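Data block below; observations after.
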Amino acid sequence: MSINQSGWRPEMGNSGNGCGGPATYTGNRALMLEEPLLFEIGKLSNTGLDIEEVKAPASRLGGLERKADIGLPGLSEPETVRHYTRLSRQNYAIDLGLFPLGSCTMKHNPRLNERVARMPGFADIHPLQPVDTVQGALEVIHQLAHWLVTLTGMHSVAMSPKAGAHGELCGILAIRAALEARGDTRSVILVPESAHGTNPATAAFAGYKVENIPATKDGRVDLAALQERLGPDVAAVMITNPNTCGLFERDMKAISDAVHAAGALVYCDGANFNAIVGRVRPGDLGVDAMHINLHKTFSTPHGGGGPGSGPVVFSEALTSFAPLPFVEKTADGFALVEEETAGEHHARSFGRMVAFHGQMGMFTRALAYILSHGADGLKQVAEDAVLNANYILRSLEDVLDAPFAASGPCMHEAIFSDAGLAEGFTTLDIAKALIDEGYHPMTMYFPLVVHGAMLVEPTETESKDTLDQFIGALRSVAERAKAGDEALKGAPYYAPRRRLDETQAARKPVLVWNEPQQAEAAE
Ligand SMILES: *Cc1c(COP(=O)(O)O)cnc(C)c1O
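Offset between the sequence shown (1-based) and my numbering: plus 2.
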């Protein structure tokens, strides 16, 4: 069997060539290269290293030594580098173009942050190093904690959670600890219908029953329905503000007051803090715990680009239940407060979220972002994020149904629905066609309260020219979907793969690679 330079074999066919152009021998389309699996291009008998055969010493494994090859594909270094570089070119990235994924805040990651994060004093340290050798890193955590508490108007912050969802769990565990400390066994958490899936998942994971709070017609929490439901069995509400319809919950203070009067606590999903940073302090709205996605609001690379980080800010009522460890400023520098050093003051801490101290690389980037923007710059982040989203909303509301457009401006994301598309055309068709236009699609079919939702979040880092080009592309696709252009149903035409069977992929994922001969024999 022959493997050519790109790893293509005749039986793989020219799967990507359904776009009308002539089939190519390699299956490549110009500079878009086909790339099989590592196991398909590597030979089990090869090695990428040139080493002499060693004379095996006598085995002392008592007959338990490996009898067969472990089946790792062998490739040379250039073959390996090309494999991963080719795969990386099949990916979309914020460094390639606008990434309108609603709720995910895919903003530009300033290169200054990267420079700071790579400084050896931050990048090359170990979490078990003696504390007096990492004073600078601890000071970064301490300073970032200070600014997060200041920006949110809260009382304290737990820095260690490693993503938004992890932060939600941290907040709900603190709420549970506070309730248990007063002998309270409340068992229900209320979550709005429009919530991100992580909210009900967190509440259920922490052992609570989840009940929905309905939304009003204008896309906000129904305060009257919430008040009606509050009672001695309700432990907390989890509210996203601005919410996932891109709207500010104007009744937030009234909601918090009602929840507190009923003896429950307020969790705020702060994933959308980007829209209000520098303008609104959640602490002033009666919030008891809120996670901040550093990777969204404070521009640390995420998704395929890097890990998240989800510090949780707490009100005074929850502070003593917060997890360890945290950094404290003492007379002789910065100290880590751990179980052994916590003392009575933190005896009520519910425990730990992680083994060490959190995502150091994200802390340095987020602090660099905060300090380089300054107070005025952060306020402008929120204002420009909202301006850009409204520009998109108003530029497209004549061609796409915008269910909440009549109730005023949106916050940092614009929401559209599939109402008005031609019979048989869906949000999926629009998303797939956007891929041909060179864009990662917007968030679709979320939030669930909007039928066929398309949630577009441009962020503040896009220029008007970039927004205009995106608006033009979405407008053209939307017009085709309204006119019933059948060609849309075949999109994407220019992607490495066309439409996949997503249901099959989710229900019957193929997670094991078998050698083709074996796979054929099994059939
Ligand atoms: C992103 C997001 C989350 C989850 O955050 P992760 O960091 O992805 O775990 C929760 N809620 C909302 C509204 C979000 O947008």
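Glycine included, each C-beta is placed from N, C-alpha and C at the ideal position. Note that the structure is predicted; figures quoted are calculated from it, not measured.
Remark: the C-beta of Gly363 is outside contact range of ligand 1, defined as less than 7 Å to any heavy atom.
In the displayed model, Val339 falls within a strand according to three-state DSSP. If you look at Ser158, you'll find it in the beta strand (DSSP E) that goes Ser158 to Ala160.
Proximity to Arg252 across Met34, Arg354, Leu40 and Gly288 peaks at Gly288, based on C-alpha coordinates.
If you look at Ile432, you'll find it in the alpha helix (DSSP H) that goes Thr429 to Asp438. Take Leu103, set aside five residues on each side of it, and the residues of its chain with a beta-carbon closer than 6 Å to its own are Thr445, in chain order. In this structure Met355 is buried. Its beta-carbon is surrounded by 16 or more other beta-carbon atoms within 10 angstroms. Around Ser351, the same chain offers Phe323, Ala324, Pro325, Leu326 and Ala344 as residues with beta carbons nearer than 7 Å, after the five sequence neighbours per side are excluded. The beta carbons of Ala291 and Ala266 sit no closer together than 8 Å. At a cut-off of 7 Å, the beta-carbon of Thr200 counts as near ligand 1: some heavy atom of the ligand is closer than that. Within the model, the alpha-carbon separation for Arg222 versus Val212 is close to 19 Å. Check the Cα spacing between Met156 and each of Ser419, Gly76, Ile174 and Thr321: the tightest is with Thr321. Membership of Glu330 in the beta strand (DSSP E) is indicated by the continuous run Phe328 to Thr332.
By the 16-neighbour rule on beta-carbons within 10 angstroms, Ile53 is exposed. Distance between Leu63 and Leu51, taken at the CA atoms: about 26 Å. For Phe124, the uninterrupted alpha helix (DSSP H) run begins and ends at Pro122 to Ala125, by DSSP. In this structure, the alpha-carbon of Ser409 lies about 23 Å from that of Cys270. In the displayed model, Cys270 falls within a strand according to three-state DSSP.
Sorting Leu338, Asn201, Met362 and Gly492 by C-alpha distance to the C-alpha of Ala435 places Gly492 at the top. Assignment of Ile191 by DSSP, reduced to helix, strand and coil, places it in the strand class.
C-alpha of Leu398 to C-alpha of Ala407: approximately 11 Å in a straight line. The alpha carbon of Gly280 has as its nearest neighbour, out of Phe300, Cys172 and Asn115, the alpha carbon of Phe300. Considering only Leu66, Thr154 and Gly76, the residue with the shortest C-alpha distance to Phe316 is Thr154.
Rounded to whole angstroms, the Cβ separation of Pro313 and Gly169 is 7 Å, and the two are in contact under 8 Å. Cβ-Cβ distances below 6 Å link Ala337 to Glu330 in the same chain, with the five nearest sequence neighbours on each side left out; the list follows chain order. When only Cα atoms are considered, Pro449 and Leu130 end up about 42 Å apart. Pairing Glu230 with Pro309, the inter-Cα distance amounts to about 40 Å. Within the same chain, Ala370 and Ser374 come within 7 Å of Leu114 by CB-CB distance, once the 5 residues on both sides are set aside.
Distance from the CA of Arg31 to the CA of Ala197, rounded to the nearest whole angstrom, comes to 42 Å.
The Cβ atoms of Leu46 and Trp515 do not sit closer than 8 Å to each other. Residue environment analysis places Gln506 among the exposed positions, since fewer than 16 neighbouring C-beta atoms fall within 10 angstroms of its C-beta. For Asn390, the enclosing alpha helix (DSSP H) covers residues Met362 to Leu398.
In the DSSP annotation of this structure, the continuous segment of the beta strand (DSSP E) that includes Val458 starts and ends at Met456 to Val458. In summary, Ile96 is buried, with 16 or more beta-carbon neighbours lying within 10 Å of its beta-carbon over all protein chains present.
With a contact defined as Cβ atoms closer than 8 Å, His414 and Pro303 miss out at about 19 Å.
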